[in-house]
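Numbering (the working numbering), first residue to last: 399 to 874. Just so you know, even glycine gets a beta-carbon here, dropped at the ideal spot from N, CA and C. As the structure is a computational prediction, the values presented were derived from the model and not from experiment.
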């Protein structure tokens with residue numbers, strides 16, 4: 399069990415990963431028009447649609463009359479926007495924003511994005527919003543530090559920003575950006591705002607998603623997921639390609655393939671858990687991917703049962719698929735409390751063990767005496783899965799058959815996801831039978847990697863957390 403507990407004189411702050419999942423990474427959203435528009439509302443709507451990608455902090459940078467203004471703080475999107483005192487200051491022609499879950503640099507306020515750089519006059523001239531993780535940031539930081547570049551934060555995003563700032567002394571900002579991105583390695587979907595343009599790009603493997611669309615008035619919208627485009631009424635155009643840099647300015651949109659040999663390797667876990675089910679990533683519908691996973695799970699291991707339930711929210715489509723393939727009725731009888739916080743002041747271990755009951759609670763009459771199939775998107779540490787099984791047993795379930803809509807997670811991610819260490823990944827440390835016994839279930843099955851590849855229709859994805867083989871060398 400991996401409870402993070404801080405002692406004080408009266409109580410303890412419980413800060414366990416309540417959902418026992420890989421944590422969200424980040425979401426980016428951008429707007430560009432040749433005229434002043436309601437950038438405040440567009441950014442608020444778009445970032446709110448991406449709230450699932452990070453609930454720790456939020457920020458935005460807006461260009462108005464060739465001046466750049468940035469506002470950011472800890473909190474959820476609507477709370478951050480509510481704290482902006484002068485909405486008019488954030489009504490301009492271009493903007494970028496970010497929802498954050500810290501995977502690199504910790505949760506210090508100085509690391510909240512977007513990060514911006516100032517010119518010799520003290521005016522912000524470039525701002526960066528980043529989803530992903532660099533693997534050579536420490537080497538580049540040391541190099542820049544030796545050149546006298548000053549760092550204010552501790553995140554890998556600032557390394558990207560300072561590289562652009564460094565090259566901007568010799569080149570224009572577009573070329574400075576190209577110089578910078580050719581130095582970095584890892585996973586990065588970036589939105590870069592200058593006083594004259596918005597630049598959007600994905601790393602040569604396209605590990606993290608990014609797409610763009612247009613509004614009826616010609617305003618360009620960039621978003622980590624298509625659900626962000628939907629939120630503001632934009633028409634989807636296409637995904638930003640791996641290794642592509644798109645520039646939007648007063649002359650329109652242009653594209654550069656900056657990478658010599660792009661190799662698409664979108665993160666498979668985006669489809670399994672991170673992305674919203676109503677999103678489409680690299681032309682594939684997330685919802686249908688999850689439904690198909692449930693169907694494959696039944697075909698892998700047919701079983702007789704009375705009811706199929708899904709762990710909300712990402713496990714529900716897989717449960718529907720399992721039900722369709724098996725004929726066993728699906729019932730939404732696990733009720734999720736959508737307002738639960740990440741932290742609680744809880745004085746005793748007994749009450750900490752009951753935290754999961756705040757997150758999920760079953761409808762007892764639908765469980766008692768039934769053979770139950772439980773579909774969840776994944777099993778990470780196994781602690782919450784074990785507690786859920788305990789809840790179902792206490793509700794009177796006759797049999798419990800647990801199904802994971804992903805292959806066993808055996809390795810950490812270094813490319814934009816806050817993953818536990820390998821020692822905490824339960825499927826990496828227990829045999830299948832040991833894990834079945836640990837969870838206390840009658841049977842256990844994981845989606846096979848072979849079937850996941852079939853569902854995704856190609857091997858051109860990152861499967862690192864399932865195979866420990868990554869599309870980027872982890873050596874800086």
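When DSSP labels each residue in this structure, what does residue i get in the three-state scheme?
i           : result
residue 664 : strand
residue 655 : strand
residue 522 : strand
residue 470 : strand
residue 633 : strand
residue 503 : Confidence at residue 503 is low in this model, with a pLDDT of 48, below 50, so its placement is unreliable and no value can be given for it.
residue 860 : strand
residue 644 : strand
residue 868 : coil
residue 544 : helix
residue 538 : helix
residue 638 : coil
residue 831 : helix
residue 679 : strand
residue 564 : helix
residue 552 : coil
residue 670 : helix
residue 848 : helix
residue 855 : coil
residue 822 : helix
residue 509 : helix
residue 626 : helix
residue 813 : coil
residue 558 : helix
residue 569 : coil
residue 485 : helix
residue 477 : helix
Mind checking whether residue i and residue j have CB atoms under 8 Å apart?
i           : j           : result
residue 589 : residue 426 : yes
residue 775 : residue 670 : yes
residue 731 : residue 701 : no
residue 621 : residue 613 : no
residue 611 : residue 646 : no
residue 522 : residue 466 : yes
residue 706 : residue 726 : yes
residue 668 : residue 651 : no
residue 469 : residue 457 : yes
residue 789 : residue 839 : no
residue 598 : residue 591 : no
residue 538 : residue 584 : no
residue 703 : residue 787 : no
residue 693 : residue 711 : no
residue 773 : residue 814 : no
residue 638 : residue 444 : no
residue 496 : residue 527 : yes
residue 569 : residue 560 : no
residue 587 : residue 529 : yes
Can you tell me which residues form a DSSP beta bridge with residue i?
i           : result
residue 516 : 522
residue 587 : 529 and 600
residue 878 : The chain is shown from 399 up to 874; residue 878 falls before or after that span and cannot be answered.
residue 494 : 428 and 459
residue 843 : 801
residue 650 : 647
residue 575 : None; residue 575 has no bridge partner.
residue 465 : 462
residue 592 : 524
For the ligand SAH, is there a heavy atom less than 7 Å away from the beta-carbon of residue i?
i           : result
residue 633 : Although the ligand SAH was asked about, the structure shown includes no ligands whatsoever.
Hey, which unbroken runs of the beta strand (DSSP E) at 3 residues or more fall wholly within the segment 681-740?
The DSSP assignment places complete beta strand (DSSP E) segments of no fewer than 3 residues inside the segment 681-740 at 705-708 and 732-734, in order along the chain.
Can you list, in chain order, the stretches of the beta strand (DSSP E) that have 3 or more residues and sit fully within the segment 424-459?
424-430, all fully within the segment 424-459.
Would you list, in sequence order, the uninterrupted alpha helix (DSSP H) runs of no fewer than 4 residues that lie entirely inside the segment 755-800?
Listed in chain order, the complete alpha helix (DSSP H) runs (minimum 4 residues) inside the segment 755-800 are 781-792.
Cβ pair count under 8 Å reaching 3, the segment 480-490 against the segment 432-444
With the cut-off at 8 Å, the segment 480-490 and the segment 432-444 touch.
Meets three-Cβ-pair contact criterion under 8 Å: the segment 848-865 and the segment 800-814:
The segment 800-814 and the segment 848-865 touch, with three or more beta-carbon pairs separated by less than 8 Å.
Okay, do the segment 660-674 and the segment 599-607 touch, 3+ Cβ pairs below 8 Å being the bar?
With three or more CB-CB distances shorter than 8 Å, the segment 660-674 counts as touching the segment 599-607.
Okay, do the segment 792-803 and the segment 828-847 touch, 3+ Cβ pairs below 8 Å being the bar?
Counting Cβ pairs under 8 Å, three or more are found: they touch.
Is the segment 556-570 in contact with the segment 505-519, if contact means three or more CB pairs nearer than 8 Å?
Taking 8 Å as the limit for Cβ pairs, the verdict is that the segment 505-519 does touch the segment 556-570.
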